[in-house]
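Enquirer:
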Amino acid sequence: MWDASEGHDSFFMPPTSITVLDLSAYVGLLAVGALTLNMLLGLLMAFRYSPHRSWPHRRFNYFRLHNWMGYVALGVSILHPAILLSSKNPRFRILDLAYPVHSPSQPLDNTIGAIAIYLLAFVAVTSYIRIRLGRHLWKAFSVYFAAAALFWHSLFTDPALKSASMNWFDGGKLFVESCVLLIAAVSLLRLRYARKKACYARQSTP
C-alpha cells in the first residue's frame, strides 16, 4: 500500500513508536499465552502423558514447568494493567485497576479482567493445599473460572480502550481465539478419554 504523501511503502514500514496502550496489550497477550501453556500442561498431566515413554523420549519434569508457568501467567497478568498507570489518555488510578467498576474506559470488561487476576492469585496461593480442598473441585471453581475471565477480558476489550467496534480478525484477537479453541479442543479430548477410561473400568469389573 503506497503512501504517496510520505514517499515510501507505508505497508512495510515498522511502527516508529509504541504507546503505553500498545505495550499493555502486548503484555496482556503474553499473559494469555502463558495461561494457555499452563492449562495445556495441566491437561497433559490429566492424560498421564509421559515425555519419557512418548515424545520427546526424555525425562522432563513438566509438572515443575506447569507450576512455574502459573506464576508467570499471574505476574504478567498483574503487569498488564499496572502499565496503564503511565497512560495519560485515558488516565488510570490504582483504584481504577484494583476496583475497575468506575474505570475511565470499559469498566465491565476491565472488572472481569480484575476478577481473572484475583482468581489467578487465589489459584497460586491455594495450589499448595489443593489436595485438601479437593483437586477436581479446586480446578473447576478456580482454574477454569480464572481462564474464562481472562479470555473474556482479552476478547471483548478494545486494545485502544475506545469501545470501538470489535475487529475479530485483528492479530491479537486471532491469537486469543486460537488459544480458546485449542483449550476447548484438548478439554473435549480429555473428557472423551475420561469417559472411555470409566467405561473400560466398569466392563473390567467382575
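Here the numbering used here is used: the first residue of the sequence shown is 1116, the next is one more, and so on. Beta carbons are placed, not taken as given, at the ideal position from N, Cα and C, and that holds for glycine.
How would you write the range of the alpha helix (DSSP H) that Ile-1232 sits in, first residue to last?
Expert: 1222 to 1241
Enquirer: In whole angstroms, give me the CA-to-CA distance for Tyr-1141 and Cys-1314.
Expert: 45 angstroms
Enquirer: Considering only residues of the same chain and omitting the five flanking positions on each side of Ile-1198, which have a CB-CB separation below 8 angstroms?
Expert: Val-1135, Leu-1138, Ser-1139 and Val-1142
Enquirer: Going straight from the alpha carbon of Cys-1294 to that of Gly-1148, what length do you get?
Expert: 7 angstroms
Enquirer: Are at least three pairs of beta-carbons, each pair with one atom in the stretch 1299 to 1306 and one in the stretch 1173 to 1190, less than 8 angstroms apart?
Expert: In this structure the stretch 1299 to 1306 does not lie against the stretch 1173 to 1190, because fewer than three pairs of beta carbons, one per stretch, are closer than 8 angstroms.
Enquirer: Report back the beta-carbon spacing between Ser-1192 and Ala-1239 to the nearest angstrom; my notes put them in contact at under 8 angstroms.
Expert: No, Ser-1192 and Ala-1239 are not in contact; Cβ-Cβ is about 11 angstroms, not under 8 angstroms.
Enquirer: Just verifying my parser: in three-state terms, what is the DSSP assignment at Arg-1206?
Expert: strand
Enquirer: Please report how far the alpha carbon of Leu-1265 lies from the alpha carbon of Pro-1171, in whole angstroms.
Expert: 31 angstroms
Enquirer: Going by other Cβ atoms of all chains shown within 10 Å of its Cβ, with 16 needed for buried, is Ser-1269 buried or exposed?
Expert: buried
Enquirer: Taking Leu-1189 as the reference, give the member of Leu-1145, Arg-1247, Ile-1298 and Ser-1280 with the closest Cα.
Expert: When only C-alpha atoms are compared, the closest one is Leu-1145.
Enquirer: The alpha helix (DSSP H) with Tyr-1214 in it runs from where to where?
Expert: Premise fails: Tyr-1214 is in no alpha helix (DSSP H) and is neither H nor E.
Enquirer: Can you give me the start and stop residues for the alpha helix (DSSP H) that Phe-1266 sits inside?
Expert: Start and end: 1259 to 1271.
Enquirer: To the nearest angstrom, report how far apart Arg-1208 and Tyr-1308 are at their CA atoms.
Expert: 47 angstroms
Enquirer: Grab the span of the alpha helix (DSSP H) containing Leu-1180 for me, first residue to last.
Expert: 1177 to 1197
Enquirer: Helix, strand or coil: which one does DSSP assign to Phe-1162?
Expert: Three-state result, Phe-1162: coil.
Enquirer: Cα-Cα, which of Ser-1202, Pro-1196 and Ala-1161 is closest to Tyr-1214?
Expert: Pro-1196
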